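S.K.: In this note's numbering, the protein residues as written are 641 to 934.
Backbone N, C-alpha and C define an ideal beta-carbon position, used for all residues, glycine too.
Since this is a predicted model, take the numbers as computed values, not measurements.
If you scroll down you'll find the structure; I have some questions about it.
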Ligand code: SF4
């Protein structure tokens with residue numbers, strides 16, 4: 641079987657930075673004999689999370705009841721109030737918030753300082769969305785952003801008249817929000833508000849992966865998407881490929897290639913493989929090696 645790799649694969653630079661910082665934290669915690677924590681799940685990939693846990697990193701959601709140590713802020717960022725709670729409890733924070741995510745948070749803060757209204761378009765419950773909703777003004781007051789997770793939410797916001805038609809509005813979108821849905825919501829909001837400004841678009845790294853996956857789908861009989869089940873950009877890749885009508889298989893790692901699936905895949909003469917931005921190249925290579933033997 642011919643196995644074709646996507647042109648854009650492996651970690652995005654934000655995740656890569658988090659992994660490097662996580663290694664630094666583990667080393668520092670060993671040198672300084674301090675506990676080591678990630679604040680929230682390190683990245684959306686269970687193999688990588690398990691690896692760092694085996695090295696001594698503990699996943700934490702709050703500082704309550706924990707012995708202070710080194711705490712890593714992951715690429716998605718965290719609400720500022722949570723950051724303060726860790727600092728006030730004596731933890732040493734290592735920040736690996738992706739600069740693109742941090743810029744979105746800064747845009748919200750500056751817009752609110754100037755008196756503009758702010759809208760966040762994001763996946764409900766996603767760590768980055770929660771972080772953006774937790775942006776504060778310099779005096780510690782939380783910015784009261786409006787959250788839109790779907791076209792229904794956008795319609796509801798327009799119809800409710802919670803924001804006036806001519807209000808100054810700044811919009812920030814979560815970096816891995818589906819591009820197509822974002823564009824539809826963007827077009828709609830522009831018909832409702834005359835002074836609305838969109839400060840960003842979903843991250844270029846996510847879009848580049850999506851485009852490369854579509855190219856792969858056009859060149860192969862089926863596409864395998866490798867990545868965490870809880871990874872929004874991995875799920876987005878699978879959705880985009882599925883829309884082309886090509887068979888798409890979502891797996892987390894090589895262990896998911898069981899006998900039944902391998903038998904099904906062996907019917908294809910070519911298979912493409914792509915991955916979400918939090919999938920390590922070692923996992924991609926392990927999948928590739930099995931497929932190449934078919
Ligand atoms: S997807 Fe983009 S914004 Fe998100 S962590 Fe990666 S590089 Fe940063």
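#1: If distances are taken between C-alpha atoms only, which option among 835, 699, 848 and 695 comes closest to residue 803?
#2: Helix, strand or coil: how does DSSP classify residue 787 here?
#3: Pick out every residue whose C-beta is nearer than 6 Å to a heavy atom of ligand 1: which are they, in chain order?
#4: From 906, 867, 874 and 907, pick the residue whose C-alpha is nearest to that of residue 926; which is it?
#5: If you count every other CB in all the chains shown that lies within 10 Å of the CB of residue 697, and 16 or more means buried, which is it?
#6: Could you check the C-alpha separation between residue 843 and residue 727 for me, to the nearest Å?
#7: Indicate whether residue 705 and residue 731 have their beta-carbon atoms separated by less than 8 Å.
#8: So residue 771 and residue 782 are supposed to be a Cβ contact under 8 Å. How far apart are they, rounded?
#9: Assuming residue 725 and residue 702 are in contact, meaning their beta carbons sit under 8 Å apart, how far apart are those beta carbons, in whole angstroms?
#10: Pairs of beta-carbons, one from the stretch 752 to 772 and one from the stretch 814 to 834, closer than 8 Å: are there three or more?
#11: Going by DSSP in three states, residue 751 sits in which element: helix, strand or coil?
#12: Excluding the 5 residues preceding and the 5 following residue 707 in the sequence, name in chain order all residues of the same chain whose CB lies nearer than 8 Å to its CB.
#13: Under a Cβ-count criterion, where at least 16 other Cβ atoms within 10 Å of its own Cβ denotes burial, should residue 650 be classed as buried or exposed?
#14: For residue 642, name the three-state secondary structure that DSSP assigns.
#15: Which residue comes first and which comes last in the alpha helix (DSSP H) that contains residue 849?
M.R.: So, from the listed chains and residues:
#1: 835
#2: strand
#3: 652, 653, 654, 655, 715, 738, 740, 741, 815, 816, 843, 845, 846 and 917
#4: 867
#5: buried
#6: 30 Å
#7: no
#8: With a Cβ gap of about 12 Å, residue 771 and residue 782 do not count as contacting.
#9: 7 Å
#10: yes
#11: helix
#12: 675
#13: buried
#14: strand
#15: 844 to 859
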